[in-house]
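First comes the structure, then the notes that go with it.
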Amino acid sequence: RFDLLVRTQRAWTQDGMNSLTYELLAKELRPLYTNLTVDIGTDPRGGPRAPRAGSSSRFREEMLRKPP
290 RFDLLVRTQR AWTQDGMNSL TYELLAKELR PLYTNLTVDI GTDPRGGPRA PRAGSSSRFR
350 EEMLRKPP
């Protein structure tokens, strides 16, 4: 765990997480944590892909239909 914390301190400026853009789809407050469901878009390095069976695309569509 300590090694992970040390690596995180070194890498956070380079890993892309500090400049990530996303759309909040759902926010669920729980007693011990907050569950955020976000859409980070598509991978700019690859072309469009067909959704796999059981993928999160159906979940995303369902979440977009629900009011926040």
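Going by the numbering used here, the first residue of the sequence shown is number 290, and it counts up by one from there.
Beta carbons are placed, not taken as given, at the ideal position from N, Cα and C, and that holds for glycine.
Check                                                                : Outcome
Under 9 Å between C-beta atoms of Thr326 and Leu313                  : yes
Check: Arg349 C-beta below 8 Å from any heavy atom of the ligand ADP : In the structure shown, the ligand ADP is absent, as is every other ligand, since no ligand is present at all.
Identified DSSP bridge partners for Arg327                           : Looking at the sequence provided, one finds Val at residue 327 rather than Arg. In the DSSP output, where bridge partners are listed per residue, Val327 has Leu313.
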